[in-house]
Amino acid sequence: MLDTFLKSLETGSGFWNPLVLGLAIIIALLLIYIIRGFGKKDYKTGTEQTKAFLSGNPEYSKDEMHVKGKNLYWGFTQALKSVYNVLEKMHNGNTSDYVLWFVIIIGVLFIIIGVI
Amino acid sequence: MIYNIPFIAVVAMIFIGLFAVLFKRNLVKIVIGISIIESGVNLFLITLGYREGGVAPIFTSAPSEVVKNAPGSMVLPVPQALTLTSIVIGVAVLALMLSLIMHIYEHYGTLDVRKIRGPEE
Amino acid sequence: MNWFELITLHSPPLIVAVPLLAAFLTPLVSKINDTVRNLFVLIMLSITGLLVLILGYDVLTNGIRVYVFGGGAPLPSGMNIPVRIMFEIDSMTIFMVIITIILALISILYSWSFMKDKDGLDKYYTIILLLVTSIFGMELTGDLFNFFVFLEISCITSCALIAFYVNKKESLDAAFKYIVISSIGALFILFAIGLLYAQYNALNMATIANAIQFTFFDKIVLVLLITGLAMKSGLAPMHMWLPDAYSRSPASVTFILVGATLAGLYGSLRVIFTIYGNQLLNTGFTFYPGLIIGIIVTALGVLSIFIGVFMALKRSDFKKMIAYTAVAEIGYMFLAIGSYLIGLALSVPDNPQMLIAGTYALKGGLFHILNDALDIGLLFLVAGAVYYATKQTSLNSLGGLARNMKYTTIFFLIGLLAVSGMPPMNGFASKLLIYQSTYQISPILSIIAIICSIMLLAVFVKVFQSIFLGPEIPSLKNVKEVPKSMLAAMALVACIIIFIGLFPNIIIDNLVTPAAEALQNTTTYISTIVGGT
Amino acid sequence: MSQMSKIVRTQSNIIFPFIMIFGLYVIAHGHLTPGGGFQGGAVVASGCIMLLVAYSSAWVLEKIKVSRLSVFESLGALGFIGVAFFGLIFGGWFFNNFLVRNGILFNVVPETGSTLSNFNTAGVLPLMNFAVGVKVIAGLFVIVLVMGYASSLKEWKQ
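What follows is the structure, given as structure tokens:
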């Protein structure tokens, strides 16, 4: 019974045992806890010590501080703009175009499979 | 040759229906196109079961010489059953699509397929 | 002894019939009371679940089962081909049926509080039960026309469920797109079935597989069937209906819709492996048909991984991101299936390692079906919970929800790790199988798969950061944790995910490997049904 | 909203019983002649829809409640699946034709080549035809009724 739970997963050219990794994660968590224990505990709440430091600039309101979804990966999408233009053109929301893709795929597969 | 004409009609109906779905802008016309494709497929199924000079596939009412001498001379019943089922399903799909179109017209105020799309998000 | 054997004998039709009966009883039951109706649906589905377990145990121990409607032997006297409607159940079917019943049960549990204040709930439950019925039917049936009928039922019911929010115009739009595209696909599938009937005078899958010749018409049929079913399962570039439909329907509906798309995937597996299973290595052509199909399927799979991940990265709507991720996950499965077909074709002269690698890929792909359903489903449930609590799903207006919705955050974290294939979760086990085996087929495939998996993690880190982390936004100060039934549903899925992640061997040995073997041994399948009498 | 002219209404009044009888005949003889539950149900429902066109949907909605029709639809489906379950209980297999040969009703197995006059044949098929007929009548009528009502509401608004 215990064997079935402890067996590692054969993947053809390797193996995978999640329990070993689980053990590693627990050890890592312990290490993190120990390292955290070295931190100073004698800071005072409500003073300058717990405030965010923004290079001396004043802190914005909570709404503006939050990094919103549209701001993330801006550089990535900007760099791959040509790819995204094509992809956005594919998903244009037009039912006829969606059906056209289906018909195109049927035609292409006819040619590929019919030729052999 | 004469027995190939129904198959030509089938292909023609499917292509006419696809043309309507792909290039017409009115939603109702798109639905009509789907209906035409469906009729083409149904015609195909019916044509499959046809036998030259065959009788209706009612076993108990067939002329006795047909049953005794040439049991294969009945029209195939299975494609007819398939066609009936497909017609029933077609009615359901048609009703659903038309009622959706009614709601769409209420909300969008148009039946142009290019203008009916959700927000880009 | 007697009643148990009787139930085992009759469980295949009962699995379809009990939800069907429940579906038409629901409008009558809901005249009594809402709670009674919810309990009734839940109990009926639990009975179905029990039947699934009984049937699964029987099939996994005793092999393929055949159930003939109307009774008696499969072949009446004096006939050479099965003329009756038959259910044919092998291990692959069992695998899919178990996935479906898990999805259905959890969705009903979730919609208990999620759909509480909505109108037309008796119709909602009726349609959801009909959808479950049709998915079961697609998976259990051994008859191609029956398959078409259940496919159409699933199209109609899914469309009705997608348009559940009738007052929102975008959900109407999604439903219309879905019904147009899927009814055209289904009509082409019917055309293909007619072609098969014209050639072989049969509608039974095993009989057709026994007689098939790979003529010119069979090639047309193959193209029509694969394209139609791949469209149903959301393979790129025919996936465009999927993000709209997934993101604009209620979360509990989306959870079952995942099962419907996977049933389409199951259909294409049946077509490739059962109907055309003996023709994959047909030597009458320049290339093996299996190689060509494999390359096509792999290419489309890689394309859908690519498109899904890239589109998900730019979206700013929570549900739409998950929907595009679902496209990518479907791509992983098709990539694995295509790798198996390529490996099978390459292994023929004297290269058995390719077949072994391909078999591992197939196992990984099948295992990924289960994992994908659970992971994507959990994320949709979380999205539904966020929508329930805040009435919006746009990433641009949410933030800091982790303060008020602790449990939801934890479940989202689990789903995030699982869907992007991080080690302790179930997604990693199946993806590892796919990576390692596709590496032996072609290294480029596995590199693309790994990079896209990393990008999936990036997608969900974005979601996690902008929805759950960050400072508390004033407009969301009064957000409360969602009700208990929704939490219970999410917790159930999360528990299954962690269990599979920690002990993947139990699932692989008991469910996935028999399913893969059932798909590979076409001959056994055919001989059980055709050669048995 | 408005009803059609008196001529149309009188004509539909006259023709309605004949359509009804023909539809019910198609349902009842479904196991003997071409036709059956769906076809006969469609005929009956189209007869009802003729009344709807002649008398306006609002008038019909006063006479018939949609919820009651939905109940009938459920009952039809339940009858069909119930016959299948009876096959499991009495005949031992799902969808078993338990009435033929040893049932009380519809139990005769006719000779090959005999006429179509024997109504008392075919086992459970007449029952299933009847159930499907009820479902189709209610379902089709409800669809057209609701659609007509919705479109008339829109006209009324304008």
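Line by line, the protein sequences give chains G, U, S and Y.
Under our numbering, the first residue of the first sequence is numbered 41, with each subsequent residue one higher.
Under our numbering, the first residue of the second sequence is numbered 7, with each subsequent residue one higher.
Under our numbering, the first residue of the third sequence is numbered 87, with each subsequent residue one higher.
Under our numbering, the first residue of the fourth sequence is numbered -17, with each subsequent residue one higher.
Even for Gly, the Cβ is constructed at its ideal location relative to N, Cα and C.
Any idea if residue 11 of chain U is buried or exposed, counting beta-carbon neighbours within 10 angstroms, 16 or more meaning buried?
So residue 11 of chain U ends up on the exposed side.
Chain-ordered neighbours of residue 5 of chain U on chain G, where CB pairs are closer than 8 angstroms
With chain U covering only 7 through 127, there is no way to say anything about residue 5 of chain U.
Taking C-beta to C-beta, are residue 135 of chain S and residue 191 of chain S nearer than 8 angstroms?
Yes; because the gap between Cβ atoms is below 8 angstroms, this pair is in contact.
Within its chain, find whatever has a CB closer than 8 angstroms to the CB of residue 275 of chain S; leave out the 5 residues flanking it on each side and keep chain order.
Same-chain partners within the cutoff: 234, 237, 310, 311, 314, 315.
List, in order along the chain, the chain G residues whose C-beta lies closer than 8 angstroms to that of residue 36 of chain U?
135, 136
Spatial neighbours of residue 405 of chain S within its chain, please: C-beta separation below 6 angstroms, excluding the five flanking residues on both sides.
333, 469, 479
Quick check: the Cα distance between residue 619 of chain S and residue 612 of chain S, rounded to an integer number of angstroms?
Confidence in residue 619 of chain S is poor, its pLDDT being 44 and thus under 50, which makes the residue's placement unreliable; the coordinate value appears in the next sentence. In a straight line, the C-alpha of residue 619 of chain S is about 12 angstroms away from that of residue 612 of chain S.
With which residues is residue 290 of chain S paired in a DSSP beta bridge?
S:229
Between the alpha carbons of residue 14 of chain Y and residue 59 of chain Y, how many angstroms are there, rounded?
22 angstroms
Identify which residue in Y:6, Y:110, Y:33, Y:46 has its Cα closest to the Cα of residue 69 of chain Y.
Y:110
Can you give me the C-alpha to C-alpha distance between residue 327 of chain S and residue 260 of chain S, rounded to a whole angstrom?
7 angstroms
Contact criterion: CB-CB distance below 8 angstroms. Does residue 333 of chain S meet it with respect to chain G?
So, not an interface residue.
Chain-ordered neighbours of residue 27 of chain U on chain G, where CB pairs are closer than 7 angstroms
Within chain G, the residues near residue 27 of chain U are 136, 139.
Could you list which residues in chain U have their beta carbon closer than 8 angstroms to that of residue 143 of chain G, in chain order?
24, 28
Does DSSP classify residue 112 of chain G as helix, strand or coil?
Annotated three-state conformation of residue 112 of chain G is coil, per DSSP.
Residue 236 of chain S in three-state terms, based on DSSP
helix
Starting from residue 44 of chain Y and walking both ways along the alpha helix (DSSP H), at which residues does that stretch end?
Start and end: 39 to 45.
If you follow the beta strand (DSSP E) that residue 172 of chain S is in, where does it begin and where does it stop?
172 to 175
Helix, strand or coil for residue 122 of chain S, going by three-state DSSP, please let me know.
Helix at residue 122 of chain S.
6 angstroms Cβ shell around residue 458 of chain S - same chain, five flanking residues per side excluded:
415
Cβ contact check for the stretch 503 to 512 of chain S and the stretch 538 to 556 of chain S: 3 or more pairs under 8 angstroms
yes
Which first and last residues belong to the beta strand (DSSP E) in which residue 616 of chain S is found?
Per DSSP, residue 616 of chain S belongs to no beta strand (DSSP E) and is neither H nor E.
Out of S:139, S:516, S:550, S:189, point me to the one whose CA is closest to residue 589 of chain S's CA.
Distances from the CA of residue 589 of chain S to each of S:139, S:516, S:550, S:189 were compared; the closest alpha carbon is that of S:516.
If you measure beta-carbon to beta-carbon, which residues of the stretch 548 to 569 of chain S are closer than 9 angstroms to chain G?
548, 549, 551, 552, 553, 555, 556, 557, 558, 559, 560, 561
If you pair each beta-carbon of the stretch 111 to 120 of chain Y with each one of the stretch 45 to 60 of chain Y, do three or more pairs fall below 8 angstroms?
yes
Using 8 angstroms as the limit for Cβ to Cβ distance, is residue 286 of chain S near chain U?
no
Just tell me which of S:591, S:608, S:598, S:131 has its CA closest to the CA of residue 44 of chain G.
S:591
Mind checking if residue 619 of chain S is an interface residue toward chain Y, Cβ cutoff 8 angstroms exclusive?
For residue 619 of chain S, the predicted structure reports a pLDDT of 44, less than 50, and the residue's modelled location is therefore unreliable. The matter cannot be settled from this model.
What would DSSP say about residue 324 of chain S, mapped onto helix, strand or coil?
coil
How about residue 428 of chain S and residue 377 of chain S: are their beta carbons less than 8 angstroms apart?
yes
Can you give me the Cβ contacts of residue 48 of chain Y inside the same chain, cut-off strictly under 7 angstroms, excluding the 5 residues immediately before and after it?
124, 127, 128
Proximity test, residue 568 of chain S beta-carbon vs the ligand GDP heavy atom, cut-off 7 angstroms:
Among the components of this structure there are no ligands whatsoever, and the ligand GDP is therefore not found.
When DSSP labels each residue in this structure, what does residue 127 of chain Y get in the three-state scheme?
helix
Since residue 425 of chain S contacts residue 533 of chain S with CB under 8 angstroms, what's their CB separation in whole angstroms?
Their Cβ separation, rounded to whole angstroms, is 14 angstroms, which puts residue 425 of chain S and residue 533 of chain S out of contact at 8 angstroms.
Sheet register partners of residue 80 of chain U (DSSP bridge)
U:61
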